[in-house]
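Trainee: First to last, the protein sequences are chains A and B.
Here our numbering runs 13 ahead of the position in the first sequence, where the first position is 1.
Here our numbering runs 1011 ahead of the position in the second sequence, where the first position is 1.
Note that the Cβ used here is the ideal one computed from N, Cα and C, for glycine as well.
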Amino acid sequence: MSKNPMISISDLELLELIRNPESRDKGFRLLVEMYQKRVYGIIRKMLIIHEDADDVTQNTFIKAFRNIESFHGNSTLFTWLYRIATNESLNFLEKKKRRFFFPIEDHMEAMSGYLDQSGLISGEDIEIKLQKALLKLPDKQRLVFNMRYFDDLSYEQISQITQTSVGALKASYHHAVKKIENELHTD
Amino acid sequence: MKNLPDHNVFKTPEGYFENLPTRILEKKKHRKSISISLVQMTAAAAVVIIGVFFFAIKNDVNIDQSIEANLEQEIDLYISSGLWEAEDILNFSENPNLILDEIIEEEWGVAEENQFGEESGEWW
Chain A
14 MSKNPMISIS DLELLELIRN PESRDKGFRL LVEMYQKRVY GIIRKMLIIH
64 EDADDVTQNT FIKAFRNIES FHGNSTLFTW LYRIATNESL NFLEKKKRRF
114 FFPIEDHMEA MSGYLDQSGL ISGEDIEIKL QKALLKLPDK QRLVFNMRYF
164 DDLSYEQISQ ITQTSVGALK ASYHHAVKKI ENELHTD
Chain B
1012 MKNLPDHNVF KTPEGYFENL PTRILEKKKH RKSISISLVQ MTAAAAVVII
1062 GVFFFAIKND VNIDQSIEAN LEQEIDLYIS SGLWEAEDIL NFSENPNLIL
1112 DEIIEEEWGV AEENQFGEES GEWW
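#1: Got a sec: is the Cβ-Cβ distance from B/L1031 to anything in chain A below 8 Å?
#2: Along the chain, where does the alpha helix (DSSP H) that runs through A/T89 open and close?
#3: Counting only Cβ pairs nearer than 7 Å, list the residues of chain B close to A/F41.
#4: In the DSSP assignment, what are the bridge partners of B/F1021?
#5: Leaving aside the five residues before and after A/K183 along the sequence, list all residues of the same chain whose C-beta is less than 8 Å from its C-beta, in chain order.
#6: Using a Cβ-Cβ cutoff of less than 6 Å, which residues in the same chain neighbour A/I141 once the five nearest sequence positions on both sides are dropped?
#7: Can you list the residues of chain A that B/T1053 reaches, using a CB-CB cut of under 8 Å?
#8: Would you say the region 181-197 of chain A touches the region 119-138 of chain A, given that touching needs at least three Cβ pairs under 8 Å?
#9: For a quick check, are the C-beta atoms of B/F1028 and A/K50 less than 8 Å apart?
#10: Determine, using beta carbons only, whether A/G126 comes closer than 8 Å to chain B.
#11: From B/S1091 to B/N1070, what distance separates their C-alpha atoms?
#12: Look at A/F105 and A/V69 and say whether their C-beta atoms are less than 8 Å apart.
#13: Which residues mark the beginning and the end of the alpha helix (DSSP H) in which B/I1100 is found?
#14: Taking Cβ-Cβ distances shorter than 7 Å, what residues in chain A pair up with B/F1065?
#15: With a threshold of 8 Å between beta carbons, is A/L133 in contact with chain B?
#16: Would you please verify whether the beta carbon of A/D138 is less than 8 Å from any beta carbon of chain B?
#17: Chain B beta carbons: is any one of them nearer than 8 Å to that of A/R51?
#18: In this structure, how does DSSP classify B/L1031 when only helix, strand and coil are distinguished?
#19: Provide the residue span of the alpha helix (DSSP H) that contains A/Y48, from first to last.
#20: Out of curiosity, what's the CA-to-CA distance linking A/A146 and A/W93?
#21: Within 8 Å of any Cβ in chain B, is that where the Cβ of A/Q170 sits?
#22: Relative to the C-alpha of A/M124, which candidate in A/G40, A/I139, A/Q144 and A/R111 has its C-alpha closest?
#23: Cβ closer than 7 Å: which chain B residues qualify as neighbours of A/D38?
#24: What residues from chain A crowd round B/K1039, counting only those whose CB sits closer than 7 Å?
#25: I need the boundaries of the alpha helix (DSSP H) containing A/I75, first residue and last residue.
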């Protein structure tokens, strides 16, 4: 396998472990251990509810295992996993929207209620208010905001993950910030 | 926005990340075995469907043949018991004229044969 400058040494080692049938399970376990917190983090910020985030995190890694052969090293493993995680999160929310007996408004309320009541949420009032204001943004705008504001990713990284131009991402983030500021000031 | 704290408000249950890799690997194996058994079940179902299909075709032919034989026996019974007359049988037929022609030809044929035989006997 030719050395690709886009892949870090640990990514290369991981891929070699995964591609060898004898060490495949060990490689998969290492992959999860290395990226689980970051993958879960982006999913949880989108889905709010731990049980939903847990399901989608597991599905993200299973999907990654199944499609590992299609990873050619054009990006880092982290970017590739992040892209699967964001797609899975957006698909999850889209499915909730399409459910006739459980429309998105109800799910928004469920997420908002979770922020108030769950023992797995811990923060100051202003932080909870910020999360509730974020819930009012369109899903993709919220995703861009989360990646930029909380995960501190560069626009170039977000561009690779979302396959969107840097200009469009900057505009999206700018609009999101304006909306959140308005929302927090009216409260 | 700059004054807002950006620390993570989302917590996980105790030991969540310690157990997650094992849970994911177990789920992966479980799904693999489900997909394998799904393939096996589909193959088994296909074999059963094909078997039933051929059995049904074969039985259908047998059923058709036995129905035809029973029907002929029944008709013979109605005729021999005098329940049905020759006209009744002709009325049931789709093309009574054809049957009549066949009967006439058969009868005439025999009669002509007999006649010619007789006559030819005379001639011979």
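Mentor: The structure says:
#1: So yes, B/L1031 belongs to the interface.
#2: Counting along the chain, A/T89 falls outside any alpha helix (DSSP H), and DSSP gives it neither H nor E.
#3: Chain-ordered, the chain B residues with CB closer than 7 Å to the CB of A/F41 read L1036.
#4: Residue pairing for B/F1021: DSSP places it in a beta bridge opposite A/I134.
#5: So the list reads Y168, once near-sequence residues are dropped.
#6: Answer for A/I141: L128, listed in chain order.
#7: Correct list: empty, because the minimum Cβ distance to chain A is about 20 Å.
#8: No: fewer than three Cβ pairs fall under 8 Å.
#9: In this structure, A/K50 lies closer than 8 Å to B/F1028 by Cβ.
#10: No, its Cβ sits nowhere closer than 8 Å to a Cβ of chain B.
#11: About 31 Å.
#12: In this structure, the beta-carbon distance from A/F105 to A/V69 falls below 8 Å.
#13: Counted as a single uninterrupted DSSP element, the alpha helix (DSSP H) harbouring B/I1100 occupies residues A1097 to F1103.
#14: Here the premise fails: no neighbours, minimum Cβ distance about 38 Å.
#15: For A/L133, the answer is yes, since a Cβ of chain B falls inside 8 Å of its Cβ.
#16: So, not an interface residue.
#17: A/R51 does not count as touching chain B.
#18: Three-state result, B/L1031: helix.
#19: Counting along the chain, the alpha helix (DSSP H) containing A/Y48 begins and ends at R37 to L60.
#20: Distance between the alpha carbons of A/A146 and A/W93: 29 Å.
#21: Judged by the 8 Å Cβ criterion, A/Q170 is not in contact with chain B.
#22: For A/M124, the nearest C-alpha among the options comes from A/Q144.
#23: At a beta-carbon threshold of 7 Å, the residues of chain B lying near A/D38 are L1036, ordered along the chain.
#24: I75 and F78, listed in chain order.
#25: Run containing A/I75: H63 to R79, per the alpha helix (DSSP H) assignment.
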